[in-house]
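Below you'll find the structure, written out as structure tokens, and then a few comments.
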Amino acid sequence: MVLWGVDVRSGARRITLVARPRVSRPHTARAWAGAAMLVVLGATPRAHAQASALLPRPASMVFAVGEAPFAVSARVVVETPANASAAMRAVAQQFAATLRRRTGAVVAVGANATGPATTARIVIDSSVSSNNVSSSKAEAYELLVKADVIVVSASSSAGVRWGLNTLLQLLTRSAGTSTGTPVRWTVPALRIAEAPRYAWRGSMIDVGRHLLTVRDIERHIDLLSQYKMNVLHWHLTDDQGWRIEIPRYPRLTSVGAWRRESDGTRYGGFYTQAQIRGLVRYADARGITIVPEIEIPGHSSAAIAAYPHLGCTNDTIPVPSSWGVFADVYCAGKEETFTFLFNVLDDVMALFPSPLIHVGGDEVPKDRWKACADCQAVMRREGLANEEELQSWFMRRVATHVATRGRRIIGWDEVLEGPYVPNGVVQSWRDASMTRKAVTRGFPVIASPSEVTYLNRSAGELSMRDVYAFDPMPSGLDAAQRSRVMGGEVPLWSEHITSGANLDLMALPRLLAFAEVLWSGSGGDYAEFARRVDQVHVPALRAKGYAVGPNSESLVTMSIGFDTVAQRARLRLPFVAPGLVIRASTDGTKPTGASAVARDGALLSASQTTRLQAFWGAQAVREERRVDVLRHAGVGARVTAAPVVDARYPGTGAFGLADGLRGSSDHGDGLWQGWWVPEVTLSSALPRGTPGARVEVRFLQNVRSWILLPRTVDISFSADSVTWSSPVSLTNDVPLTREGAIIHVYSARAPSAMAVRYVRVVARGGLLPAEHPGAGQPAWIFADEIQVFRR
């Protein structure tokens, strides 16, 4: 009797003993499938540790406790079926190449491959009909490992691929028993039968904000394939950059692919059609479908910067260098817009064989459409009640064109705000309720609720445990609705992902949790999963050169505080992930991998800019942090605010408006203080009298973030806090239509004879404009410094 043991489905430490009868065809997986089972408590055999660490966790795995492992000999034959498809033969050849590199064995592949009697045999059986896995599951496979043969049984090349990938995870290297004995490669005797729970198991890479190299993307594809994920959603265009070559529209890449950064440098790039074809082939050879995304009709600033006539105003705009949502979108009222988009999509579909093409549809401001005569004319002609229906009409035109090429569209869940195309796919992102809304309306859905799948969020916000608890399937659905949940996807938006190493650090190890959830289903033992990841997979991935981030902490926790004793800003680095180094420059140049290391607690030099950058080796990780320090007579002043600052935006604390630190264009940089009220009064008590003082107060506007510059700012001065000068009343001329973050300085000079000790600033906010989602509501007021200069 041969003992088959350790059913690992639940992660329990037990042994399942199976009496396997001798059969005439020992390489067929189904010959012993009906054998009786006896469960006996016990410990997992040490020899099976590698198998027990498989990821994703198999649906069914049983060890043959009494049988010797399969040993990889000097020669290996991979036998393919005589009627194997070209795809299946390619999978076998790729596996053979990997096996050669790893073990040094001579590996032959073919339907009639033969070798000496000592040749190890790996058999691919495509005539599978299993009692354990439904044959309707196209990616199902069975793997039988015996001492003399390995059999991978599957009805498709995809199933064969995943079976062989599992085999590679099982391959164990061990030294010989005596000096000079060669290394042995073995696979424990066992049987695995499984199929994925979900057909769509994806990762999304955004290259619109920050570009990745072709090799970076190939390495991510390798990662997906290793862990049985099968879709790379490639977000190729956005406001901040157009990344795909379209020969008939050269300005998309000569203009739209480049932006001017805040420090004056030019950033950008794109992928040629030859590079894209190469990546599509590379992915296909590894079982990965690349689904391209061309953003329509919003997030289109880069295209409009290249071809202004595509927008409603015909104005020449720059490619934005800040993040957020921008008003300029494709004009729905011009036929040339659709000519352009149809031509672009034709080129895209010629490059990508994916049956689904992602066309965005998210975060589309309607400001320009409301003011556009051409758009309004279309609405009247088509009988559309509002701009939401205009977007639905726009998307239906795009979908109709894509359908003429035999493809279907995917849209982000905003497409559900109006009529959607009958055969369209929805990608839910705002929350899990959008998955339910899509399937109840009859649409297939890819679940990507941001709170549990957005891996661009730090592990401090979204831990590996949180990802492991994710289930794409909402509760309470009927069978038809459940069938419409295609699976899920983890987006990696790249506003703060600046390099290939940065991509790795955000994806890993949390991507592994997602891979297991989508393949095996949620509800597993997290502690057991985390042990597999930490003890086996993280070391293996690092050995392959992948950067692996923390399970539950941010890569870097950085803050700038004000030292009241030194009267200077101080850098705080309470946590820096192992392997990362923070480097700094103070000469105006961008930090490099050779720049000085920044230490926790370091005082920042006065009256200069310190540039801080995290590095993994030579690769930058996350965006650079610029800290502008300015010495002025108000540094260290006691500033009070009425009402008190909102707890969500406290700046650097009690001295936040008098710390010599100037905020950046990012209102969340930790230097700005914010109030969501109509009026704020700021009172500053200076350390000493300042004759003829000039005061400058910096405020921020970012309309899309609900932040407006104060409508009026009154600045008053006093020498004794009793008698005050008449207020200097100031306004601004910055239009509400200006996009992005705008910093504006309100400046006033005190009476020349006054030695100013006290300054009062009254800022009165405005209301959000009519086209804004919060129209008529008070806006946020953001201030970061009351600067005082001597005469």
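Residue numbers (the numbering used here): 16 to 806. Where a beta carbon is used, it is the ideal one built from N, C-alpha and C, also for glycine.
The shortest C-alpha to C-alpha distance from F85 to any of A107, R188, Q108 and S172 is the one to R188. Just measuring C-alpha positions, the residue of R626, V660 and S88 sitting nearest A162 is S88. Excluding five sequence positions before and after D661, the CB atoms of its chain that fall closer than 7 Å to its own CB belong to G689, W690 and W691, given in chain order. Remark: fewer than three beta-carbon pairs, one from each stretch, lie closer than 8 Å, so the stretch 277-285 and the stretch 366-384 are not flagged as touching. Assigned with DSSP and collapsed to three states, S75 falls in strand. Per DSSP, V777 is one residue of the beta strand (DSSP E) stretching across A770 to R779. Restricting attention to W249, R614, V532 and D643, the CA atom closest to the CA of A621 is found in D643. Taking all protein chains in view, the Cβ of L618 is surrounded by fewer than 16 other Cβ atoms within 10 Å, so the residue is classified as exposed. Between I309 and T252, the CB-CB gap stays under 8 Å.
Rounded to the nearest whole angstrom, the C-alpha separation of D237 and P788 is 42 Å.
The continuous beta strand (DSSP E) containing H248 extends over residues V246 to H250.
Under DSSP, the beta-bridge partners assigned to H373 are E308 and I425.
The distance from the Cβ of R637 to that of A629 is about 6 Å, consistent with a contact at the 8 Å cut-off.
Taking every protein chain shown into account, the CB of V532 has 16 or more other CB atoms within 10 angstroms, so this residue is buried.
For the options S337, V334, S369 and Y322, the alpha carbon positioned closest to that of V246 is the one of S369. W508: not part of any beta strand (DSSP E); DSSP gives it neither H nor E. Your pair V93 and I137 checks out as a contact, with CB atoms roughly 5 Å apart and the cut at 8 Å.
The DSSP assignment places complete alpha helix (DSSP H) segments of no fewer than 4 residues inside the stretch 310-352 at 316-321, in order along the chain. Distance from A79 to L205 at the Cβ level is roughly 6 Å; contact confirmed, criterion being Cβ atoms closer than 8 Å.
Looking at A484, R258 and A599, the one whose alpha-carbon comes closest to that of G536 is A484. According to DSSP, residue pairing for H647 in a beta bridge does not occur.
At the C-beta level, H248 and V222 stay beyond 8 Å of one another. For the pair A462 and V500, the CB atoms are nearer than the 8 Å cut-off. Separation of E233 and P506 (C-alpha to C-alpha, rounded to the nearest whole angstrom) is 17 Å.
Counting the other CB atoms within 10 Å of its CB gives E157 a total of 16 or more, which places it among the buried residues. A contact is defined here as three or more CB-CB pairs under 8 Å, and the stretch 473-482 fails this definition with respect to the stretch 598-606.
Going by beta carbons, S699 and T727 fall outside the 8 Å limit. Boundaries cannot be given for L751, as no beta strand (DSSP E) includes it and DSSP labels it neither H nor E. Around the beta carbon of N401, fewer than 16 other beta carbons sit within 10 angstroms, so the residue counts as exposed.
Partner residues in the beta bridge of L676, as assigned by DSSP, are V644. DSSP, reduced to helix, strand and coil, places T604 outside both helices and strands of the structure shown, so it counts as coil.
Annotation: the continuous beta strand (DSSP E) that includes R136 extends over A135 to D140. Boundaries of the beta strand (DSSP E) around A123: V121 to G125.
With fewer than 16 other CB atoms across the displayed protein chains lying within 10 angstroms of its CB, V612 is exposed.
Between the stretch 420-428 and the stretch 442-462, the count of Cβ pairs shorter than 8 Å is three or higher; the stretches touch. R275 is bridged by DSSP to R281.
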